[in-house]
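A.B. asks: This is the structure I have questions about; it appears just below.
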Amino acid sequence: MKKIIEFGESVHGYKLPVVNEREARAGAGILFLFAIISFLNAYLTHRFLFTQIFVTVFMVDFFIRIFINPKLSPSLILGRLFVRHQSPEYVGAVQKRFAWSIGFILSVIMFFIVVVFELMTPVKIAICILCLTFLFSESVFGICIGCTLYHWIYRKSPQYCPGNVCEIKPQEEVQRVSGLQLTVLALSLLIISGFTYDRIRKTDTPSTTAMQCQSGKCSSSKCGGF
7 MKKIIEFGES VHGYKLPVVN EREARAGAGI LFLFAIISFL NAYLTHRFLF TQIFVTVFMV
67 DFFIRIFINP KLSPSLILGR LFVRHQSPEY VGAVQKRFAW SIGFILSVIM FFIVVVFELM
127 TPVKIAICIL CLTFLFSESV FGICIGCTLY HWIYRKSPQY CPGNVCEIKP QEEVQRVSGL
187 QLTVLALSLL IISGFTYDRI RKTDTPSTTA MQCQSGKCSS SKCGGF
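Structure below.
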């Protein structure tokens, strides 16, 4: 029973229980994929069946991670299948459990809002965006926001952090961001934002032909035969 209900792996050379960060990131990416599909499906179709299913599965998955064993979590098992040929990257299980506990609490709230009471409230959107942010940050950047909160709340320096971010060490040349790179990034974002705004403005502004068709002053060919 001890081997079934436990949290973290006991690995030689590590003083504390650890989990495989590569597996955790893969699991976060898998959940993010289905979460964004669920969110867009509800937004576009105004049907929440898929969202209700996903929220329930998400809650059960995190319950298994925290209270039973991460090795039995379906999303982490699937993640392990994808990264099993990669060298493991061990991180502390304590801060990871705290981070997953935040996800579990949010999923329970969403379960009552979306599944039990089926409420239409901005809180639902806010929690959904927050969960997407957590999952995206971990899966793409390897940044565990919940682990950072653990450090702030408990005032403890977590051990075995992803990418060794707990250790203070000088950055290598390949990690530094130059002023030229920041300038290119700022200009890119500015151009993309301007282009997006221009396209949205033109899309929202009715064309001359459309306005003529609405007033009955255009030919049938210009109005598409109407």
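Numbered according to our numbering, the sequence shown spans residues 7 to 232.
All residues carry an ideal CB built from backbone N, CA and C; glycine is no exception.
Note that the structure is predicted; figures quoted are calculated from it, not measured.
Looking at C-beta atoms only, is the number of pairs between the stretch 149 to 158 and the stretch 105 to 112 that lie closer than 8 Å three or more?
C.D. replies: yes
A.B. asks: Taking buried to mean at least 16 other C-beta atoms within 10 Å of its own C-beta, is Phe147 buried or exposed?
C.D. replies: Counting the other Cβ atoms within 10 Å of the Cβ of Phe147 gives fewer than 16, which makes it exposed.
A.B. asks: Starting from Gly98, follow its DSSP beta bridges and name the residues at the other end.
C.D. replies: Val24
A.B. asks: What did DSSP end up calling Glu178 once you bin it into helix, strand or coil?
C.D. replies: coil
A.B. asks: Keeping to the same chain, check which residues put their C-beta closer than 8 Å to that of Leu138; ignore five residues upstream and five downstream.
C.D. replies: Phe38, Ala41, Ile42 and Phe45
A.B. asks: What separation, rounded to the nearest whole angstrom, lies between the Cα atoms of Ser226 and Arg207?
C.D. replies: Residue confidence is low: Ser226 scores 47 on pLDDT, short of 50, so the model does not pin down where it sits. Its coordinate-derived value is still stated next. Their Cα atoms are separated by approximately 27 Å.
A.B. asks: Whole angstroms is fine: what's the gap from Leu188's alpha carbon to Leu195's?
C.D. replies: 11 Å
A.B. asks: Identify every residue that forms a DSSP beta bridge with Glu15.
C.D. replies: Val24
A.B. asks: What separation, rounded to the nearest whole angstrom, lies between the Cα atoms of Tyr20 and Phe201?
C.D. replies: 51 Å
A.B. asks: By DSSP, does Cys150 sit in helix, in strand, or in coil?
C.D. replies: coil
A.B. asks: Cα-Cα, which of Phe123, Gly185 and Glu144 is closest to Ala30?
C.D. replies: Glu144
A.B. asks: Extract the residue ranges of the alpha helix (DSSP H) inside the stretch 103 to 168, only unbroken runs of 4 or more that lie entirely within it.
C.D. replies: 128 to 142 and 151 to 160
A.B. asks: Please determine, among Ala48, Asp204, His91 and Tyr203, the residue with the shortest C-alpha to C-alpha distance to Glu124.
C.D. replies: Ala48
A.B. asks: Which first and last residues belong to the alpha helix (DSSP H) in which Ile83 is found?
C.D. replies: Secondary structure note for Ile83: its alpha helix (DSSP H) is the uninterrupted segment Pro80 to Val89.
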